[in-house]
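Below: one structure, written as structure tokens.
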Amino acid sequence: MSKTAIVYWSQTENTKKMAELIADGAKSAGAEVDLFEVGSTTPDNVSEYDLIALGCPSMGAEVLEEGEFQPFYDKLREKLTGKKVALFGSYGWGDGQWMRDWQSDVVAAGANLYNGEGFIVNYDPTDGETENCKNFGSGFASF
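Under the working numbering, residues 559 to 701 are what the sequence shown spells out, in order.
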């Protein structure tokens with residue numbers, strides 16, 4: 559089974575919960591998973607994985623978090639050609655434009671985007687969204 563890195567940034571714990579549930583789903587599908595808060599790893603380390611899941615909530619005017627996550631992603635982006643990548647994150651306003659922009663950028667970088675789109679949850683993953691997160695992780699493990 560593929561080695562999977564899940565890297566996230568979370569301010570309110572919503573995206574962190576998503577990351578943990580996605581990791582649980584991937585592990586249940588037999589994947590070897592390493593879960594990283596964005597500040598605890600490097601783009602060079604993450605680029606060594608077979609599967610890379612990136613999670614960041616919508617911030618400000620529907621952009622990625624600019625202090626830690628965006629600089630990390632900018633450095634990782636040049637290493638994504640041919641990589642299998644999944645995107646996820648939570649939002650509290652807007653209509654998901656940050657994810658559509660991010661999806662386009664990942665594809666433009668040459669990555670193979672899981673499901674052809676990112677996975678978003680409004681605020682906190684609860685009820686059916688908990689299972690959706692796990693299913694996203696188990697599906698990605700087989701990508």
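Just so you know, even glycine gets a beta-carbon here, dropped at the ideal spot from N, CA and C.
How would you label residue i, buried or exposed, when you count the other beta carbons within 10 angstroms and need 16 or more for buried?
i: Asn680; result: exposed
i: Ala611; result: buried
i: Lys575; result: buried
i: Glu571; result: exposed
i: Ala669; result: buried
i: Ala563; result: buried
i: Gly573; result: Looking at the sequence itself, residue 573 is Thr, so the reference to Gly does not match. Buried, because 16 or more other Cβ atoms sit within 10 Å of the Cβ of Thr573.
i: Gln509; result: No answer is possible for residue 509: the residues shown for the chain start at 559 and end at 701.
Flag this pair as yes or no: are the beta carbons of residue i and residue j separated by less than 8 Å?
i: Val591; j: Ala581; result: yes
i: Leu579; j: Pro601; result: no
i: Glu620; j: Gly640; result: no
i: Gly583; j: Asn673; result: no
i: Ala589; j: Ser560; result: yes
Among all the DSSP beta bridges, which residues are the ones paired with residue i?
i: Thr562; result: Val591, Leu609
i: Met617; result: Val621
Inter-stretch contact at 8 Å, needing at least 3 Cβ pairs: the stretch 654-670 / the stretch 590-605:
no
For the stretch 677-692 and the stretch 636-655, state whether three or more C-beta atom pairs, one from each stretch, are separated by less than 8 Å.
yes
Restricting to runs no shorter than 3 residues, where is the beta strand (DSSP E) found entirely within the stretch 657-689?
677-680
Can you list the alpha helix (DSSP H) stretches of 4 or more residues lying completely in the stretch 622-650, in chain order?
627-635
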